[in-house]
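Sequence lines, in order, name chains A and B.
Take any residue in the first sequence, count from 1 to its spot, add 24: that is its number in my numbering.
Take any residue in the second sequence, count from 1 to its spot, add 24: that is its number in my numbering.
Down below is the structure, laid out as structure tokens.
There are 2 protein chains.
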Amino acid sequence: MDKTHGRATLHDVARKAGVSIASVSRMVNGQTVRPSLEGRIQDAIEKLNYQANSAGRALRARRTEQICLSVPDISNPVYQSITKGVQLGLEGTNYRMMLAPQVSSAEDVLRQINSLNSNYADGLILLSLVDDTRIKKAVEKLDIPIVTIGNVDINRETDSLKVAPNALDIAVEYLNRKYGSRILFVNGPKETIPGKIRGAGFERAIKNLGIEKTCKSVESKTFSVEGAVEALTSLANLNSYKSVMCANDVIAAGALRYFSSNKIRVPEDVAVMGIDNTDLATILSPSLTTIDYNAIERGKLAAKFLVDRIQNPSAPVKRIEVQPRLVERDSA
Amino acid sequence: MDKTHGRATLHDVARKAGVSIASVSRMVNGQTVRPSLEGRIQDAIEKLNYQANSAGRALRARRTEQICLSVPDISNPVYQSITKGVQLGLEGTNYRMMLAPQVSSAEDVLRQINSLNSNYADGLILLSLVDDTRIKKAVEKLDIPIVTIGNVDINRETDSLKVAPNALDIAVEYLNRKYGSRILFVNGPKETIPGKIRGAGFERAIKNLGIEKTCKSVESKTFSVEGAVEALTSLANLNSYKSVMCANDVIAAGALRYFSSNKIRVPEDVAVMGIDNTDLATILSPSLTTIDYNAIERGKLAAKFLVDRIQNPSAPVKRIEVQPRLVERDSA
DNA sequence: TTGTACGCGTTATCAC
DNA sequence: GTGATAACGCGTACAA
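Put into structure tokens, the structure is as follows:
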């Protein structure tokens with residue numbers, strides 16, 4: 025390092041190599057430089073251990089090479105998978121990932137989105153549990169590209185990865201065929217987007233099969249093991265159901281836990297099924313029959329879509345609908 | 025917005041409020057401004073929806089207000105807890121969190137650390153599985169503060185959160201007392217730092233109790249469910265052990281899965297114990313007896329230490345040793 | 001207390 | 001193809 029204060033800059037490299045900063049910059053950014061200079065510059069860069077300062081670059085180029093990922097709750101394995109997918113999708117690009125703080129209330133999400141107006145990220149991958157007009161408005165005003173995952177509807181031409189709505193048709197058809205028409209659905213909170221969508225999916229599925237009368241929905245207060253246990257505990261005639269369909273794998277884990285501690289055998293006495301096919305599915309005993317939405321792949325795609333969009337803002341909007349896939353294991 | 029291109033700047037606000045940019049800047053940064061100006065500036069800020077551009081601020085102030093968290097594998101629930109803890113620790117500060125890409129090889133970690141030389145983060149929270157001199161060298165040369173979590177030893181005065189080495193003493197003493205001296209230890213890969221430490225901890229613990237002859241260690245190739253299952257499968261006289269001590273909860277989950285699919289009852293036939301007290305511990309059936317190292321709290325503390333260090337580089341170095349705590353549940 | 005002016009490190013334009 | 005130079009948006013030293 026040349027200077028006493030901090031790291032080497034373009035100027036330091038240029039001075040050492042005896043060229044102008046413009047040439048060094050070009051070299052660093054992969055433009056053509058006369059071969060005779062190339063070696064000297066390369067030398068200087070290595071000697072000084074030069075690395076472009078990201079603030080300087082971001083200020084000038086209006087590009088931070090960062091994207092922001094906002095997930096509701098990193099405790100839920102499906103969001104871990106998506107996070108991992110995003111990381112994988114960013115591999116080979118020079119984009120870094122900011123993980124937005126976990127927030128629950130609409131106000132927090134709002135503040136988070138608005139903070140992006142300070143331009144610390146070039147794009148946003150948004151998964152929101154809450155459905156709030158203020159959030160939609162804020163998102164629409166954001167002047168960076170957005171990719172939404174899940175059924176987040178905003179009035180803006182946005183690349184999106186939705187999940188096809190027929191997961192519960194597949195699941196209910198399977199359970200009905202294998203265990204009969206007494207199916208209990210344990211939903212998550214109905215005020216969340218997945219709660220709404222999956223709740224409606226279940227109602228539609230049992231109506232299509234004409235088995236509304238023998239089925240029932242209960243609601244877990246949260247998408248958590250404890251919530252599910254509580255919901256099942258407070259249920260009167262639980263033992264009359266032959267199968268329990270859960271709104272996600274975490275709730276299914278709660279169901280398994282409840283049945284295990286009440287000496288009820290799965291799937292002999294009651295079958296249990298989840299949604300998401302998270303890591304939990306193979307960790308639990310019995311292993312979980314579930315519906316796969318390929319979370320890692322969705323994360324990967326979201327990252328790729330976002331980077332593409334940043335680099336080519338006028339490309340046609342991509343809307344992918346991910347197809348659900350039944351994964352049969354031991355619990356149902 | 026005043027300008028056609030992008031967002032409002034200090035200049036726009038200053039012009040609208042009829043003051044100098046210096047006054048606006050001071051106002052934004054919480055310095056005193058004449059009350060008569062205050063209102064006008066505040067007005068202009070709101071009207072233009074001004075938010076300081078982070079690149080400009082970072083370049084000038086030599087401070088990005090970002091920290092970087094490097095964890096080996098977000099699939100492991102203990103790292104999720106730490107991640108969550110870091111997020112919580114950052115609450116109320118204005119620091120954002122970068123989540124470094126998941127890397128396994130020493131080369132990847134090295135590149136990751138070196139990339140911090142481009143100054144996109146003000147500090148680093150480092151958890152590394154691998155123990156490599158090049159990594160240590162790179163970390164030591166880094167000119168931003170570092171907080172290490174776990175037994176990462178670097179030759180640099182660094183705030184650190186280690187875990188006290190007596191977890192395995194507690195665990196082995198407990199298992200020996202409750203289930204006798206036939207204890208099997210399922211370690212993770214010995215070339216990892218936790219593998220080394222926990223392996224040595226087990227050896228020391230059984231030696232202290234004088235039960236080396238009746239105990240045994242096996243190694244899982246990875247810290248994963250599958251690795252543990254494989255390690256147990258290839259073991260000859262597994263049924264002669266009365267308890268299985270696992271190097272972490274994920275390996276314990278693998279043990280439970282192995283025993284469950286082989287109709288071996290836990291804890292009646294064999295007791296199983298983990299380390300970390302992750303979310304898994306209460307999700308699994310039977311619920312997992314384990315050693316708690318308070319991962320969330322460690323994450324929180326690491327974040328706080330790092331922010332403190334950034335703001336006060338010359339403060340005395342903090343080295344915390346977290347005490348293990350036995351959490352008794354159903355598996356042992 | 002306020003305003004002017006400089007420079008943080010980079011990219012990009014423009015003459016050469 | 002190269003080099004001088006002008007921004008990018010901000011914080012702050014300095015002068016008023």
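Quick reminder that beta carbons are idealized off the backbone N, C-alpha and C, glycines included.
Note that the structure is predicted; figures quoted are calculated from it, not measured.
*Measure the CB-CB distance between Val210/B and Val242/B and report whether it falls below 7 Å.*
If you number the second sequence from 1, residue 210/B lands on position 186. If you number the second sequence from 1, residue 242/B lands on position 218. Going by C-beta atoms, Val210/B is nearer than 7 Å to Val242/B.
_Residue-level contact to chain B via CB, Gly116/A, 7 Å cutoff_ = If you number the first sequence from 1, residue 116/A lands on position 92. For Gly116/A, the answer is no, since every Cβ of chain B falls outside 7 Å of its Cβ.
*asked:* Rounding to the nearest angstrom, what Cα-Cα distance links Pro218/A and Asn175/A in this structure?
replied: For the purposes of this step, residue 218/A is taken as the residue at position 194 of the first sequence. For the purposes of this step, residue 175/A is taken as the residue at position 151 of the first sequence. Taking the straight line from one Cα to the other gives about 8 Å.
_Host beta strand (DSSP E) of Asp316/B (start-end)_ = Within the second sequence, residue 316/B is the residue found at index 292, counting from 1. That run of the beta strand (DSSP E) goes 313-316.
*Quick one: grab the DSSP three-state call for Gly357/B.*
As shown, chain B starts at 25 and ends at 356. That puts residue 357/B outside it, with no answer to give.
*Just curious, the alpha helix (DSSP H) that Lys160/B is in, first and last residue?*
Along the second sequence, one-based indexing puts residue 160/B at 136. It spans 157-165 - the alpha helix (DSSP H) in which Lys160/B sits, taken as one unbroken run.
_Cβ distance (whole Å) where Pro153/A is taken to contact Pro96/A below 8 Å_ = As a working note, residue 153/A is residue 129 in the first sequence. As a working note, residue 96/A is residue 72 in the first sequence. It is worth fixing the name first, because residue 153/A is Leu in this sequence and not Pro. Confirmed, Cβ separation roughly 4 Å.
_Contact list for Gln126/B against chain A, beta-carbon separation under 9 Å_ = Walking along the second sequence from the start, residue 126/B turns up at place 102. By Cβ distance, chain A contributes Lys108, Gln111, Leu112.
*asked:* Taking 7 Å as the limit between beta carbons, can you name the residues of its chain near Val294/B, skipping five residues before and five after?
replied: The residue labelled residue 294/B in the question sits at position 270 within the second sequence. Here Val294/B has Tyr265, Lys266, Ser267, Val268, Phe283, Ile288 as same chain residues with Cβ atoms under 7 Å from its own Cβ, once five neighbours each way along the sequence are excluded.
*Please list the partners that Ile98/A has in chain B, where partner means a Cβ-to-Cβ separation under 7 Å.*
Taking the first sequence and counting its residues from 1, one reaches residue 98/A at position 74. Correct list: Gln104, Thr107, Lys108.
*Classify Arg31/A as helix, strand or coil using the three-state DSSP reduction.*
If you number the first sequence from 1, residue 31/A lands on position 7. Arg31/A: coil per DSSP, three-state reduction.
*Quick one: give me the first and last residue of the alpha helix (DSSP H) that Ser248/A is part of.*
Stepping through the first sequence from its first residue, residue 248/A is reached at position 224. Per DSSP, Ser248/A lies in no alpha helix (DSSP H) and is assigned neither H nor E.
*Ends of the alpha helix (DSSP H) at Asp193/B?*
Locating residue 193/B in the second sequence gives position 169, where the first residue counts as 1. Where Asp193/B is concerned, the enclosing alpha helix (DSSP H) starts and stops at 191-203.
*Hey, could you find the ends of the beta strand (DSSP E) Val346/A is sitting in?*
Within the first sequence, the letter at position 322 stands for residue 346/A. Start and end: 343-346.
*CB-CB under 6 Å to Arg158/A, same chain, minus the five flanking residues each way: which ones, in chain order?*
As a working note, residue 158/A is residue 134 in the first sequence. The answer, listed in chain order, is Leu134.
_Residues, ordered as in the chain, of the stretch 185-198 of chain B that lie near chain A by beta-carbon distance below 7 Å_ = In summary, no residue of the stretch 185-198 of chain B has a CB separated from any CB of chain A by less than 7 Å.
*Step through the CB atoms of chain A and report whether any lies within less than 7 Å of the CB of Arg120/B.*
In the second sequence, the residue the question calls residue 120/B occupies position 96. Closer than 7 Å to some Cβ of chain A, the Cβ of Arg120/B qualifies, so yes.
*For Leu259/B, which option in Ala279/B, Phe247/B, Asp273/B, Leu350/B has the closest C-alpha, if you only look at C-alpha atoms?*
Here residue 259/B refers to the residue found at position 235 when the second sequence is read from its first residue. Considering only alpha carbons, the answer is Ala279/B.
*Taking buried to mean at least 16 other C-beta atoms within 10 Å of its own C-beta, is Thr216/B buried or exposed?*
Mapped onto the second sequence, residue 216/B falls at position 192. Counting Cβ neighbours within 10 Å, Thr216/B comes out buried, since at least 16 surround it.
*Backbone secondary structure at Ala267/B - three-state DSSP*: Along the second sequence, one-based indexing puts residue 267/B at 243. Reading the sequence as shown, one finds Ser at residue 267/B and not Ala. Three-state DSSP puts Ser267/B in a strand.
*Work out the CA separation of Glu131/A and Leu140/A for me, nearest whole Å.*
Working through the first sequence from its first residue, we reach residue 140/A at position 116. Working through the first sequence from its first residue, we reach residue 131/A at position 107. In a straight line, the C-alpha of Leu140/A is about 15 Å away from that of Glu131/A.
*Could you name the residues of the stretch 167-182 of chain B whose beta carbon sits closer than 8 Å to any beta carbon of chain A, in the order they occur along the chain?*
So the list reads Asp167, given in the order they occur along the chain.
*Hey, Glu164/A and Asn118/A: beta-carbon distance below 7 Å or not?*
The residue labelled residue 164/A in the question sits at position 140 within the first sequence. The residue labelled residue 118/A in the question sits at position 94 within the first sequence. At least 7 Å separates the beta-carbon of Glu164/A from that of Asn118/A.
*Answer yes or no: does any C-beta atom of chain A fall closer than 7 Å to that of Leu83/B?*
In the second sequence, the residue the question calls residue 83/B occupies position 59. For Leu83/B, the answer is yes, since a Cβ of chain A falls inside 7 Å of its Cβ.
*Would you identify the three-state DSSP class for Val210/B, choosing helix, strand or coil?*
In the second sequence, counting from the first residue as 1, residue 210/B sits at position 186. DSSP places Val210/B in the strand class (E or B) of the three-state scheme.
*List the endpoints of the continuous beta strand (DSSP E) containing Thr172/A.*
On the first sequence, residue 172/A is found 148 positions in, with the first residue counted as 1. Counting along the chain, the beta strand (DSSP E) containing Thr172/A begins and ends at 170-173.
*Determine the contact status of Val296/A and Ala356/A, defining contact as a CB-CB distance below 7 Å.*
Here residue 296/A refers to the residue found at position 272 when the first sequence is read from its first residue. Here residue 356/A refers to the residue found at position 332 when the first sequence is read from its first residue. In this structure, Ala356/A lies closer than 7 Å to Val296/A by Cβ.
*Could you give the distance in angstroms between the alpha-carbon of Ile170/A and the alpha-carbon of Met121/A?*
Start at 1 with the first residue of the first sequence, and residue 170/A comes out as number 146. Start at 1 with the first residue of the first sequence, and residue 121/A comes out as number 97. The C-alpha of Met121/A is placed about 14 Å away from the C-alpha of Ile170/A.
*Just how far apart, CA to CA, sit Ser49/B and Leu34/B?*
Along the second sequence, read from residue 1 onward, the residue named residue 49/B stands at position 25. Along the second sequence, read from residue 1 onward, the residue named residue 34/B stands at position 10. Distance between the alpha carbons of Ser49/B and Leu34/B is about 7 Å.
*Would you call Val341/B buried or exposed, if buried means 16 or more other Cβ atoms sit within 10 Å of its Cβ?*
Numbered from 1 along the second sequence, position 317 holds the residue referred to as residue 341/B. Per the 10 Å Cβ criterion, exposed.
*Would you list, in chain order, the members of the stretch 264-290 of chain B that have their beta-carbon closer than 7 Å to a beta-carbon of chain A?*
Against chain A - using a Cβ distance shorter than 7 Å - the residues of the stretch 264-290 of chain B are Ala277, Leu280, Arg281, Ser284.
*Ile217/B (DSSP reduced to helix, strand or coil)*: Walking along the second sequence from the start, residue 217/B turns up at place 193. If DSSP states are grouped into helix, strand and coil, Ile217/B belongs with the helices.
_According to DSSP, residues forming a beta bridge with Val187/A_ = Stepping through the first sequence from its first residue, residue 187/A is reached at position 163. Beta-bridge analysis with DSSP links Val187/A to Val346/A.
*Proximity below 7 Å, CB of Leu256/A to CB of Ile91/A*: For the purposes of this step, residue 256/A is taken as residue 232 along the first sequence, with counting starting at 1. For the purposes of this step, residue 91/A is taken as residue 67 along the first sequence, with counting starting at 1. Against a cut-off of 7 Å, the Cβ pair of Ile91/A and Leu256/A comes out as no contact.
*Return the Cβ separation of Leu312/B and Leu304/B in integer angstroms, given the expectation that the two are a contact with Cβ distance under 8 Å.*
Taking the second sequence and counting its residues from 1, one reaches residue 312/B at position 288. Taking the second sequence and counting its residues from 1, one reaches residue 304/B at position 280. Sure, about 7 Å apart at Cβ, within 8 Å.
_On the DSSP bridge list, what partners appear for Lys240/B?_
In the second sequence, counting from the first residue as 1, residue 240/B sits at position 216. Lys240/B has Leu208/B as its beta-bridge partners, per DSSP.
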